[in-house]
Amino acid sequence: MADWQCLAADLKMRGQAIAGRMNGKRIRQLAGAILVAGVLAGCQADELGYGPKAQRPVSAEVKRKMTDLNMSATSPIMIRIYKQENELEVWKEARNGRFELLESFEICKWSGELGPKFKEGDRQAPEGFYEITPGLMNPNSSYHLAFNLGYPNKFDRAHGRTGSHLMVHGACSSRGCYAMTDAQVQDIYALARDSFKGGQRAFQVQAFPFRMTPENMAEHRDSEHMDFWRMLKVGYDHFELTKVPPKISVCEKKYVFDATTLVEGVPFRATAKCPEYEVPARLQQLVQQKQSEDDKKFQQIVARLDAREERQRRWEERQSQIANFLGGNDEGGLAQPSSDTADAGSAVAAAVPEETAAPGAIQAASQRPGSATTGVATAFAPETQSSDGVGGIIKRWLPFGGARGEETPSATGSIAVPEAKPQ
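Heads up: the sequence shown begins at 0 in numbering that gives the first Met the number 0, then just goes up one per residue.
Okay, here's the thing in structure tokens:
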């Protein structure tokens, strides 16, 4: 081969090698670019932070609170829900072993009304005690993040209650669930996830109709759910006194709290007779003492509420009597009093002299029921007052208008006009 041919062949080979290296470099650059794009896509930021939503850390504010309360990031948690107050509380174990309130979130939406859930499709948010395991956590929820309450639990099933997919989740939309905002459920989910990392096998959710105080119990004393709520209150009180989530058992279709069977190996069965068990003596004593104090306060509040309702009923009754007696007839005069107010009409008519029977100005200047100040109730005032005056006439006939020392007739047949509706 001629020298020039050898040179040409050598140049060709070198050119191919250079081209190959260039192509390889471009391929590597392209692959690197794709990899970087993938990483960036995975770390794409949104309004709640970076990275996969189920792996994001708790907010800086919650971290500061954990530090202030001397809590480990991975210590156990417990959740309390109050429907009436619209609150979800996250309690977390401090280093002293007792749980402290870490954060309170306003529930965005919950559905139904006060009371337990009974059946599938009633759109009722559950009440009771629920244990949340890692398997009930949903990092891929279409409602941002979620965990299942595990409804129906043993108690619910013992009562034949049905339902499914009852969650605490984001997206602020509820059909039987407790719905939070995405930002709220982001923190709640992260706290639960980290507690599992710290070794907690399940965290407790206590769902109540309201804070179980004597005031709230008295307010709802006529509810059909009162027996159920009294049972929930026992578990509520156990935590209030110990600041440790109570151990939950179910037997005879009822919740039992912090109970240990006296015979080892004998289990609690939801629908069976309760085995012999005991609750720590000191705890039982404290619970009974608290319940006694709460019940005393409950009875006092109920007595006040009943008295207020009775005053309200009597006030409305008097208003109805007055309206019937003072209402105008078709001829523009006074309507005939009803049988309930006939005696009252006769008493007032007899009190007014015959020459002043024509209707005149009507003055209402009495007091509210229960007020300490008394005043004139009502009068048919003539254009020219008699020598005794309208006040004298009324004081002689109305039970609360008499002058000091004067004899007051009985309330039967008298009409008192309160100034305003009682509060």
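Cβ coordinates follow ideal geometry from the N, Cα and C atoms, glycine included.
Since we're looking at a predicted model, the values are computed, not measured.
Would you say residue i and residue j are within 8 Å of each other, going by their C-beta atoms?
{"i": "Glu130", "j": "Ala59", "result": "no"}
{"i": "Glu92", "j": "Ser103", "result": "no"}
{"i": "Glu275", "j": "Thr259", "result": "no"}
{"i": "Ile76", "j": "Leu148", "result": "no"}
{"i": "His143", "j": "Gly169", "result": "yes"}
{"i": "Arg97", "j": "Asn69", "result": "no"}
{"i": "Lys242", "j": "Phe256", "result": "no"}
{"i": "Glu84", "j": "Arg229", "result": "no"}
{"i": "Val61", "j": "Asp186", "result": "yes"}
{"i": "Arg122", "j": "Ser141", "result": "no"}
{"i": "Glu119", "j": "Thr73", "result": "no"}
{"i": "Cys171", "j": "Cys273", "result": "no"}
Using the Cα positions of residue i and residue j, report the straight-line distance between them to the nearest angstrom.
{"i": "Arg403", "j": "Pro115", "result": "Because Arg403 carries a pLDDT of 39, less than 50, the predicted location of this residue cannot be relied on, and no value is offered for it."}
{"i": "Glu218", "j": "Tyr49", "result": "47 Å"}
{"i": "Lys289", "j": "Asp236", "result": "8 Å"}
{"i": "Pro208", "j": "Leu325", "result": "46 Å"}
{"i": "Phe128", "j": "Val204", "result": "6 Å"}
{"i": "Ala271", "j": "Thr66", "result": "46 Å"}
{"i": "Gly234", "j": "Ser71", "result": "26 Å"}
{"i": "Asp294", "j": "Glu99", "result": "26 Å"}
{"i": "Glu214", "j": "Glu239", "result": "16 Å"}
{"i": "Asn139", "j": "Ala53", "result": "8 Å"}
{"i": "Asp221", "j": "Pro279", "result": "33 Å"}
{"i": "Met179", "j": "Phe195", "result": "21 Å"}
{"i": "Glu316", "j": "Leu135", "result": "56 Å"}
{"i": "Ala145", "j": "Ala182", "result": "12 Å"}
{"i": "Tyr188", "j": "Val167", "result": "9 Å"}
{"i": "His224", "j": "Val262", "result": "34 Å"}
{"i": "Arg268", "j": "Val249", "result": "6 Å"}
{"i": "Arg312", "j": "Ser163", "result": "45 Å"}
{"i": "Arg79", "j": "Glu309", "result": "36 Å"}
Could you pull the DSSP bridge partners for residue i from this structure?
{"i": "Phe207", "result": "Tyr81"}
{"i": "Ala59", "result": "In the DSSP output, where bridge partners are listed per residue, Ala59 has none listed."}
{"i": "Asn147", "result": "Met166"}
{"i": "Gly134", "result": "BP columns for Gly134 are empty, so no partner."}
Does residue i pass the burial test, meaning 16 or more other C-beta atoms within 10 Å, or should it be called exposed?
{"i": "Leu231", "result": "buried"}
{"i": "Ala159", "result": "The amino acid at residue 159 is misidentified as Ala; the sequence shows Gly. Its Cβ having fewer than 16 others within 10 Å, Gly159 is exposed."}
{"i": "Gln439", "result": "Nothing about residue 439 can be read from this structure; the chain reaches only from 0 to 422."}
{"i": "Glu126", "result": "buried"}
{"i": "Pro151", "result": "buried"}
{"i": "Leu101", "result": "buried"}
{"i": "Tyr254", "result": "buried"}
{"i": "Asp193", "result": "buried"}
{"i": "Ala206", "result": "buried"}
{"i": "Ala419", "result": "Here the model assigns Ala419 a pLDDT of 42, short of 50, so the residue's position is not dependable, and the following value carries that caveat. Flag for Ala419 reads exposed."}
{"i": "Val265", "result": "exposed"}
{"i": "Ala124", "result": "buried"}
{"i": "Pro244", "result": "buried"}
Quiz item: Whole alpha helix (DSSP H) runs in the region 213 to 266 with 4 or more residues, listed along the chain?
Solution: 213 to 218, 225 to 241
Exercise. For the region 150 to 203, list the beta strand (DSSP E) runs that are entirely contained and at least 3 residues long, ordered along the chain.
Key: 166 to 168
Exercise. At 4 residues or longer, and completely inside the region 273 to 336: list those alpha helix (DSSP H) runs for me, N to C.
Key: 280 to 325
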